[in-house]
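Residue numbers (the numbering used here): 48 to 293.
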């Protein structure tokens, strides 16, 4: 068994002018870790306060019987601000959590083996990227949408979708880490196979840029997409000037 060494701060979100860090893979006993997997509020003086212990919650509230997993704390992957708190995806326990600013936690959606990753909320609809199960076939790389209740597939057909972002006039963009070269669950894609994508109305993806080396996070800033990679690089890509809603 191999576990990708990604422990620490894995994502950041803002509520007003306050930053919150999502910390994962530092508290599971299987890893010999003793930290707290959860949401950390960053104080003005640079210190932090843990507002939600997601690892303990996950251990005390496991997936349904028969669900295949080995890290009791889960692997929290992405955090998104919503009106009363945050949404957090768990790529190992395959679910989305809602966490209030006061630290109350509940499961919004429990999925099968889809490996949820990046997510956003737009117009009360949650859009979620899905890496898909090993061996990460193209058909299982998807964007799914749900309005706190019933999920639906918005787009599919490219492997290892790790993030989703909203642009101007309701446009949706996605990030594929690339083609899976085999290996253990959690291993990254092959180098230089990542793609920046736009979601089409017909549920397919249009490739806007390819050959990106191990991309991991996506944001849209005005007319540009900003991509962060596992190698520590930040890339900016111009977006085509068109628009439609989903």
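All C-beta atoms in this analysis are idealised placements derived from N, C-alpha and C, irrespective of residue type, glycine included. On a predicted model such as this, the values are computed, not experimentally measured, just so you know.
* Asked: For residue 111, which beta-bridge partners are listed by DSSP?
  -> The beta-bridge partner set that DSSP reports for residue 111 is empty.
* Nearest CA to the CA of residue 171: which residue from 217, 208 and 244? -> Of the listed residues, the one whose Cα sits closest to residue 171 is 217.
* Can you tell which of 212, 233 and 263 has its C-alpha closest to the C-alpha of residue 270? -> For residue 270, the nearest C-alpha among the options comes from 212.
* Cα-Cα separation, residue 268 to residue 154 -> One C-alpha to the other measures close to 30 Å.
* To do: Could you tell me the distance, in whole angstroms, from the CA atom of residue 144 to the CA atom of residue 152?
  => For residue 144 and residue 152, the distance between alpha carbons rounds to 7 Å.
* Since residue 205 and residue 252 are thought to touch, with beta carbons under 8 Å apart, how far apart are those beta carbons, to the nearest angstrom? -> Residue 205 to residue 252, Cβ: 5 Å. Contact.
* Asked: From residue 109 to residue 119, what does the alpha carbon distance come to, in whole angstroms?
  -> Using only the alpha carbons, I get a separation of about 7 Å.
* **Pairwise C-alpha distance: residue 228 and residue 80** => Approximately 29 Å between the Cα atoms of the pair.
* With distances taken between CB atoms, is the gap from residue 168 to residue 134 smaller than 8 Å? -> With respect to the 8 Å criterion, residue 168 and residue 134 are classified as neighbours on the basis of their beta carbons.
* To do: Would you decide whether residue 64 is buried or exposed? Buried here means 16 or more other CB atoms lie within 10 Å of its CB.
  => Counting the other CB atoms within 10 Å of its CB gives residue 64 a total below 16, which places it among the exposed residues.
* To do: With DSSP as the reference, please indicate the residues paired to residue 218 in a beta bridge.
  => In DSSP, residue 218 forms no bridge with anything.
* **Under 8 Å between C-beta atoms of residue 136 and residue 188** => For residue 136 and residue 188, no; Cβs fall outside 8 Å.
* **Residue of 163, 62 and 82 minimising C-alpha distance to residue 40** => Past the edges of the chain, shown from 48 to 293, lies residue 40, and the structure says nothing about it.
* **Rounded straight-line distance, which links the Cα of residue 198 to that of residue 48** => In this prediction, residue 48 has a pLDDT of 33, which is less than 50 and means its spatial position is unreliable; what the coordinates show is noted afterwards. If you take the alpha carbons of residue 48 and residue 198, they lie about 32 Å apart.
* Assign residue 246 to one of two classes, buried (16 or more other C-beta atoms within 10 Å of its C-beta) or exposed (fewer than that). => Looking at its Cβ environment, which holds 16 or more other Cβ atoms inside 10 Å, residue 246 is buried.
* Taking DSSP as the reference, what is the three-state secondary structure of residue 179? -> Residue state for residue 179 is assigned as coil, using DSSP reduced to three classes.
* Asked: Apart from the five residues just before and just after residue 58, which ones in its own chain have a Cβ nearer than 6 Å to its Cβ?
  -> Counting only residues of its own chain and dropping the five nearest sequence neighbours on each side, residue 58 has a CB closer than 6 Å to the CB of 69, 125 and 126.
* Determine the direct distance from the alpha carbon of residue 238 to that of residue 260, and round the result to whole angstroms. => Each residue's Cα considered, the two are about 5 Å apart.
* To do: List the whole-angstrom C-beta distance separating residue 129 from residue 86, where the pair is believed to meet the contact cut-off of C-beta under 8 Å.
  => About 13 Å; that fails the 8 Å criterion.
* To do: Kindly list the residues whose CB is nearer than 6 Å to the CB of residue 101, restricted to its own chain and excluding five residues on each side of it in sequence; keep chain order.
  => So the list reads 84, 85 and 123, once near-sequence residues are dropped.
* For residue 49, which three-state DSSP category applies? -> Only weak support is given to the placement of residue 49: the predicted model assigns it a pLDDT of 40, under 50, and the question is left unresolved by the model.
* Please state if the CB of residue 121 and the CB of residue 140 are separated by a distance shorter than 8 Å. => It is a contact, given that the beta carbons lie within the stated cut-off.
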